[in-house]
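In this note's numbering, the protein residues as written are 3 to 120.
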């Protein structure tokens, strides 16, 4: 089970859920929907935070800089603000993202272009 709570800037729970679903998807060779069910993770949970997770996997340095910039800008940034910044930054990683998804390094979510805009 992947029932972790996210509080403040402790984003570990989000990344743990994502990683667990990715692991189950590979291990069980099942559908994404089945992997999420096996982990007890709602589709909306992953969809709402997919930018955070993908950014950290694709470019950990950029991910950390986004968090630091948001901290500097607002003091205590919201998870949603960080998510939106990560989504915007991901627009530069579309090719790499698609390749990682095909290689099984990212979950096979294929968002529309509107996903990347604030």
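No residue lacks a Cβ here, since even glycine has one placed at the ideal position from N, Cα and C.
Neighbourhood of residue i by C-beta distance below 8 Å, restricted to the same chain and skipping five residues each side
i, result
"residue 43", "4, 19, 22, 23"
"residue 79", "11, 69, 72, 73"
Cβ-based neighbour list, residue i, same chain, cut-off 7 Å, excluding 5 preceding and 5 following
i, result
"residue 58", "17, 65"
"residue 47", "19"
"residue 93", "118"
"residue 26", "37, 40, 41"
"residue 56", "92, 99, 108"
Rounded separation between residue i and residue j - CA only
i, j, result
"residue 103", "residue 76", "33 Å"
"residue 89", "residue 29", "28 Å"
"residue 32", "residue 63", "32 Å"
"residue 45", "residue 53", "14 Å"
"residue 67", "residue 74", "10 Å"
Of the listed residues the options, nearest to residue i (C-alpha basis)
i, options, result
"residue 116", "109, 98, 86, 12", "86"
"residue 96", "82, 84, 81, 112", "112"
Cβ-based burial, residue i [other Cβ within 10 Å; buried from 16]
i, result
"residue 35", "exposed"
"residue 106", "exposed"
"residue 72", "buried"
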